[in-house]
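Here's the structure we're looking at; comments come further down.
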Amino acid sequence: MRYVLRRAGFFLVTLWAAVTLNFFLPRMMPGNPAVAMMAKFHGRINGQALTALETLFGVNTKESLLAQYVGYLHDLVTGNWGISLTFFPTPVSEVIRTGIFWTLGLVGVTTILAFILGTWIGAISAWRRGRLIDSIAPPLLVITSAIPYFWVGMMFILIFGLKLQWFPWSGGTNIADTPAWNLSYIGDVLDHAVLPSVALLITTVGGWTLTMRNNMVTTLAEDYVRMARAKGLKSSRIMLDYAARNAILPNLTGFAMSLGFVVGGAILIEYVFNYPGVGYMLLQAVQNEDYPLMQALFLLITVAVLVAILLADIATAIFDPRTRSAR
Amino acid sequence: MRRLIVTGAALLIAAAVAACGSSSPSGSSASGSSASGTLTMDDETGSEWNCSFNPFNPNDIGNGVAFGQVYEPLAFVNSLEDAKATPWLATSWAWSDGNKTLTFTIRKGVKFSDGTPMSAADVAFTFNMLKKYPALDLNSVWSVLSSVTQKGDDVVFDFKSQAVPYFYYIADQTAIVPEHIWSKIANPVTYGDSNPVGTGAYVVNPCTPQNITYTPNKYYWQPGEPKIAKVLFPAFTSNDTANTYLTTGQAQWGSQFIPNIGSLYSDKSPDNHYWFPPIANVSLIPNLTVPGLNDVAVRQAMAYAINRPQVANIGEYGEENGGNQTGVVTPTFSSWVDTAAAAKYGNDYAYDPAKAKQILQADGYTMGSDGIFAKDGKQLSFTVINIGGYSDWVADMSVIQSELKAVGIAITPQNLAQNDDVSDLLTGTFQLAFYDQTGGPTPEYELRQWLFSGNTAPIGKDATTNYERYSNPATDKLFAEYGQTTSSATQHQIVDELQQVMLSQVPFIPITEESDWFQYNTSSITGWPSQSDPYALPAIYQYPDMGQVLLHLAPKG
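Here's what the structure looks like:
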């Protein structure tokens, strides 16, 4: 219990630091939202509009930084995240809502799949060290995980999208679709998710496989595994309960972190596939000096990562009694 | 389209599309689009739609989603036909009181898309709302207006002083909104207008973050219009996707920058066409407060040293023209060019590196051992800010750099992030810069944006359009005179004088001509604007022109 409390305290301090950084960093960027809007629409919006835009965005407010900071903390707690400047005048919460489910669906599911698949392949490769699967799977996955995933994405668009026309390659659904809970819409969403998801999967699965295999190999050399063999336990039980259970621990924290980062989306994949997630939204927010949207997204990512780490710590404590008693 | 980020990836995919063009059946991907009278528009805007259609929100009109097809102006002013004005929601107008009063007679029988009649009251309401909320007044019309009042079917605009060119901003660039809806809105500045009610030919039905569908307004005031039953406007977040959509025939109307457009687009089908009418200059802008650049001889030498067609050919794939030192964009405004004046300055500063060197030497500069001219120990060596994400502009600048180097002027490009670049430009924190303006229906608009001292600001403060900090009472007087006249002859005469300012003082150096990007497919839809029938600016993002284009289009056969 003390362990959990200690972790929770650490969580709160980190959260405060992150929230504060989140306030000050965007404000150190050069320019302001009005200038960014002028830049975005140069040649389309008359230069005279600068005056109107500065009024619109309240650029020249005389409010002190401290007063802004207090206001920011208050708004954070009350969930009032303001109006997005990129998507003016849509509220930030609304903007994020349009993207977050796409991202959670695509990147979240893919991350979980990659973790399960990678860990499984890693465990089996280590268990059958030197056999066929071990000599094929890990080297192959090293190669795929070394390829940048946006490149894989583009190759997929070329081959499966344009040339073979097996799968759609742009957007989250067919553009003429209206969102509805029916089979054709859901099928369409899944159809559109195939290429980006597979591209992401084959480039991320390798990392999990390699770490799992290496941990597993180390664990297999432990005395308690030899002891289990000596006792004549079933080999599947040794592999799962003795070796894999211990080997997976370091991977768990990594998995928790990457789950946290899911909220940030996969910017390049979303960009290449024109996918409507929050990753590309974040890039937009930064480019357009959209402080409210940027802050909300960074906050979401920070909180998600911190919560994920906290949960991973707790999970580790459950799996591994040693972490509980130490200190 | 955003011209930026023409990545290697874009080229790769586009090339592959071109290569496998024959193997992929062209009809399969565009299935169901043409036969049912559907038009798909293709313009990369960089983000998903937020389904906001407020015609006073720069985001919404800049993306071309609201003004033209849904909301309409009082008159349509065609930038490609010598500012020819066509009556639209107003049937006629007249200047009076020494061009200090403008009276519009509002059309009868026009209804908003909810069936409510549109009247002069709506027009007066719209403009008075802009006065009440300066954040909505994107064209600063209230900087010249003193009052707007309804008189029966007329709306009377009173000006503080004569400002005839503002006719364009008032009549063509301001959308008319219904009073019975907008008067009930607590704050029109933050109003999302997700279900817009306008007088235009189309209504939004429905909008999703990925696509806007427009269907005909059943109350539209022009019988038999519009002829296209469905207009789709998908949201494109990347140029690659938008270009592929266009080259595979899934979209019929494009406003994209496609590198090597011949092999990637027009050669692929006899139905694929493009037309890029130039509308404004992309210019090299000297900061006139910087020593060296405040010397007119240096600026003249630079103008002679740059081979403008060469820059356009290399940097812009020949898809833009080289600019003119007169500042008048051709062929769009060819009738305005003062050819006699231009001839006096080396045939409009035609490429002549020898002459450039000669001018510098005559001005007392001597070439140092490093091949750079200097006077009084001060070298002609400058930095130039540019937007690093615009690959074409970066290419332009490297051509300019080597050409200036050849005449003994050193420039060092600084490729900045877009916001940093524009921020420096506005505050005057640069030596040289590369940028453009919106222009307008006559050459005077762009020249005024660059040269009128009211558009500038001291270094450190944001200038609206006069970034080079040019200020000359004689030139300001020309703009004042232009503002007072409705006579075409006088206007031409004043623009001639402005061109002489451009030629003799070289306040900035036009390099290439910014094109209006326009690709179109004639297989299922006809009525597109073209060089021989330039009835409106053809790009999707040009408002309200795009509404004109939509009304001219019709399904084929």
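So the sequences go chain by chain: F and A.
Under the numbering used here, think of the first position of the first sequence as 1, with each following residue one higher.
Under the numbering used here, think of the first position of the second sequence as 1, with each following residue one higher.
Glycine residues also receive a C-beta, built at the ideal position from the N, C-alpha and C atoms.
Since the structure is predicted, the reported quantities are computational estimates derived from the model, not experimental observations.
In angstroms with no decimal places, state the Cα-to-Cα distance between residue 166 (chain F) and residue 455 (chain A). Here residue 166 (chain F) corresponds to residue number 166 of the first sequence, with the count starting at 1. Here residue 455 (chain A) corresponds to residue number 455 of the second sequence, with the count starting at 1. If I take the Cα positions, the gap works out to 55 angstroms.
For my contact list, residue 520 (chain A) and residue 252 (chain A) are in at a C-beta cut-off of 8 angstroms; report their separation, rounded to the angstrom. The residue given as residue 520 (chain A) occupies position 520 in the second sequence. The residue given as residue 252 (chain A) occupies position 252 in the second sequence. Their Cβ separation, rounded to whole angstroms, is 7 angstroms, which keeps residue 520 (chain A) and residue 252 (chain A) in contact under 8 angstroms.
At the 9 angstroms Cβ level, is residue 29 (chain A) part of the contact set with chain F, yes or no? Numbered from 1 along the second sequence, position 29 holds the residue referred to as residue 29 (chain A). A caution first: residue 29 (chain A) carries a pLDDT of 34, below 50, which makes its placement in the model unreliable, though a value can still be read off. Flagged as an interface residue toward chain F: residue 29 (chain A), by a C-beta distance shorter than 9 angstroms.
Between the stretch 491-498 of chain A and the stretch 81-96 of chain F, do at least 3 Cβ pairs fall closer than 8 angstroms? No, the stretch 491-498 of chain A is not in contact with the stretch 81-96 of chain F.
Nearest neighbour of residue 32 (chain F), chosen from F:74, F:58 and F:131 [CA to CA]: Residue 32 (chain F) sits at position 32 when you count from the first residue of the first sequence. The candidate whose alpha carbon is nearest that of residue 32 (chain F) is F:58.
Below 8 angstroms, is the gap between the Cβ of residue 242 (chain A) and the nearest heavy atom of the ligand ADP? Judged by which ligands are present, the structure shown has none, so any question about the ligand ADP falls away.
Checking 9 angstroms against the spacing of the C-beta atoms, do residue 137 (chain A) and residue 179 (chain A) come in under that value? Taking the second sequence and counting its residues from 1, the one referred to as residue 137 (chain A) is at position 137. Taking the second sequence and counting its residues from 1, the one referred to as residue 179 (chain A) is at position 179. Going by C-beta atoms, residue 137 (chain A) is not nearer than 9 angstroms to residue 179 (chain A).
Is the Cβ of residue 235 (chain A) closer than 9 angstroms to any Cβ of chain F? Walking along the second sequence from the start, residue 235 (chain A) turns up at place 235. With 9 angstroms as the cut-off, residue 235 (chain A) counts as an interface residue toward chain F.
Give me the Cα-Cα distance between residue 310 (chain A) and residue 78 (chain A), rounded to the nearest whole angstrom. Reading the second sequence from its first residue, position 310 is the one you call residue 310 (chain A). Reading the second sequence from its first residue, position 78 is the one you call residue 78 (chain A). Between residue 310 (chain A) and residue 78 (chain A), the C-alpha separation is close to 30 angstroms.
Quick test of the definition: if touching needs 3 or more C-beta pairs under 8 angstroms, does the stretch 326-339 of chain A touch the stretch 272-280 of chain A? Enough Cβ pairs lie closer than 8 angstroms, so yes.
Burial state of residue 198 (chain A) (16 or more Cβ within 10 Å): As a first step, residue 198 (chain A) must be located in the second sequence, where it is residue number 198. With 16 or more other Cβ atoms inside 10 Å of its own Cβ, residue 198 (chain A) counts as buried.
CB contact below 9 angstroms: residue 100 (chain F) versus chain A: As a working mapping, residue 100 (chain F) is identified with position 100 in the first sequence. For residue 100 (chain F), the answer is no, since every Cβ of chain A falls outside 9 angstroms of its Cβ.
Which residues mark the beginning and the end of the alpha helix (DSSP H) in which residue 270 (chain F) is found? Walking along the first sequence from the start, residue 270 (chain F) turns up at place 270. First-last of the alpha helix (DSSP H) with residue 270 (chain F): 267-272.
Chain A contacts from the stretch 23-49 of chain F (Cβ-Cβ distance under 9 angstroms): From the stretch 23-49 of chain F, only 29, 30, 31, 32, 34, 35, 36, 37, 38, 39, 40, 41, 42, 43, 44, 45, 46, 47, 48 and 49 have a Cβ closer than 9 angstroms to chain A.
Would residue 547 (chain A) pass as an interface residue toward chain F - the criterion being a Cβ-Cβ separation below 9 angstroms? What you label residue 547 (chain A) is simply residue 547 of the second sequence in a count that begins at 1. No Cβ of chain F is located within less than 9 angstroms of the beta carbon of residue 547 (chain A).
Exposure of residue 206 (chain A), with buried meaning 16 or more beta-carbon neighbours within 10 Å: Counting from 1 along the second sequence, the entry for residue 206 (chain A) is found at position 206. The residue is exposed, with fewer than 16 neighbouring Cβ atoms inside 10 Å.
Find out if the Cβ-Cβ distance for the pair residue 220 (chain F), residue 256 (chain F) is shorter than 9 angstroms. Sequence index remark: in the first sequence, residue 220 (chain F) carries index 220 (1-based). Sequence index remark: in the first sequence, residue 256 (chain F) carries index 256 (1-based). Taking 9 angstroms as the Cβ cut-off, residue 220 (chain F) and residue 256 (chain F) do not qualify as a contacting pair.
At a cut of 8 angstroms, does the stretch 37-47 of chain A reach the stretch 227-238 of chain A through at least three beta carbon pairs? The stretch 37-47 of chain A vs the stretch 227-238 of chain A: in contact.
With 16 other Cβ atoms within 10 Å as the buried cut-off, status of residue 531 (chain A): Looking up residue 531 (chain A) in the second sequence gives position 531. Exposed, because fewer than 16 other Cβ atoms sit within 10 Å of the Cβ of residue 531 (chain A).
First through last residue of the beta strand (DSSP E) which encompasses residue 513 (chain A): Counted from its first residue, the second sequence places residue 513 (chain A) at position 513. Segment 509-515, the beta strand (DSSP E) holding residue 513 (chain A).
Selection from A:128, A:147, A:468 and A:499 that minimises the alpha carbon distance to residue 443 (chain A): As a working note, residue 443 (chain A) is residue 443 in the second sequence. Comparing alpha-carbon positions, the option among A:128, A:147, A:468 and A:499 lying closest to residue 443 (chain A) turns out to be A:499.
Leaving out the 5 sequence neighbours to the left and right, which residues in its chain are closer than 6 angstroms to residue 379 (chain A) when beta-carbon positions are compared? To locate residue 379 (chain A), count along the second sequence from 1; it is residue 379. So the qualifying residues of the chain are 372.
For residue 239 (chain A), which residues in chain F fall below 8 angstroms Cβ to Cβ? One-based indexing of the second sequence puts residue 239 (chain A) at position 239. The contacting residues do not exist; residue 239 (chain A) stays about 10 angstroms from chain F at best.
Check whether chain F comes within 9 angstroms of residue 396 (chain A), counting only Cβ atoms and requiring the distance to be less than that. The residue labelled residue 396 (chain A) in the question sits at position 396 within the second sequence. No, because no Cβ of chain F sits closer than 9 angstroms to the Cβ of residue 396 (chain A).
Starting from residue 374 (chain A), trace the beta strand (DSSP E) in both directions and tell me its first and last residue. Here residue 374 (chain A) is taken as the residue at index 374 of the second sequence, counted from 1. In the DSSP assignment, residue 374 (chain A) falls within the unbroken beta strand (DSSP E) covering 373-375.
Express the C-alpha separation of residue 174 (chain F) and residue 242 (chain A) in angstroms, rounding to a whole number. As a first step, residue 242 (chain A) must be located in the second sequence, where it is residue number 242. As a first step, residue 174 (chain F) must be located in the first sequence, where it is residue number 174. C-alpha separation (whole angstroms): 15 angstroms.
Identify every run of the alpha helix (DSSP H) within the stretch 114-195 of chain F, keeping only runs that are complete inside it and at least 4 residues long; order them along the chain. Those alpha helix (DSSP H) runs which fall completely within the stretch 114-195 of chain F and span 4+ residues are 132-146 and 149-156.
Could you check how far apart the C-beta atoms of residue 385 (chain A) and residue 433 (chain A) are, in whole angstroms? I think they sit under 8 angstroms. Locating residue 385 (chain A) in the second sequence gives position 385, where the first residue counts as 1. Locating residue 433 (chain A) in the second sequence gives position 433, where the first residue counts as 1. Rounded, the Cβ-Cβ distance is 5 angstroms, consistent with contact.
Just to make sure I have the definition right: I need the residues of chain A whose C-beta is within less than 8 angstroms of the C-beta of residue 160 (chain F). Which are they? Within the first sequence, numbered from 1, the residue matching residue 160 (chain F) stands at position 160. The CB of residue 160 (chain F) never comes closer than 8 angstroms to any CB in chain A; the least such distance is about 13 angstroms.
Roughly how many angstroms lie between the CA atoms of residue 145 (chain A) and residue 157 (chain A), to the nearest whole one? For the purposes of this step, residue 145 (chain A) is taken as residue 145 along the second sequence, with counting starting at 1. For the purposes of this step, residue 157 (chain A) is taken as residue 157 along the second sequence, with counting starting at 1. In a straight line, the C-alpha of residue 145 (chain A) is about 7 angstroms away from that of residue 157 (chain A).
Buried or exposed: which applies to residue 318 (chain A), given that a residue is buried once 16 or more other Cβ atoms fall within 10 Å of its Cβ? By 1-based counting over the second sequence, the position of residue 318 (chain A) is 318. Per the 10 Å Cβ criterion, exposed.
State the DSSP-derived secondary structure class of residue 112 (chain A), mapped to helix, strand or coil. Taking the first residue of the second sequence as position 1, residue 112 (chain A) is located at position 112. Three-state DSSP puts residue 112 (chain A) in coil, outside helix and strand.
When Cβ atoms are compared, which residues of the stretch 284-297 of chain F fall closer than 9 angstroms to chain A? If the cut-off is 9 angstroms between Cβ atoms, the stretch 284-297 of chain F has 284, 287, 288 and 289 near chain A.
Contact criterion: CB-CB distance below 9 angstroms. Does residue 254 (chain A) meet it with respect to chain F? The sequence position of residue 254 (chain A) within the second sequence is 254, counting from 1. With a threshold of 9 angstroms between beta carbons, residue 254 (chain A) makes no contact with chain F.
Are three or more beta carbon pairs between the stretch 2-14 of chain F and the stretch 299-311 of chain F nearer than 8 angstroms? Because the criterion of three Cβ pairs below 8 angstroms is met, the stretch 2-14 of chain F and the stretch 299-311 of chain F touch.
Please report whether the beta-carbon of residue 506 (chain A) lies at a distance below 9 angstroms from any beta-carbon of chain F. Residue mapping note: residue 506 (chain A) aligns to position 506 of the second sequence, counting from 1. Under the Cβ criterion of 9 angstroms, residue 506 (chain A) is not counted among the residues facing chain F.
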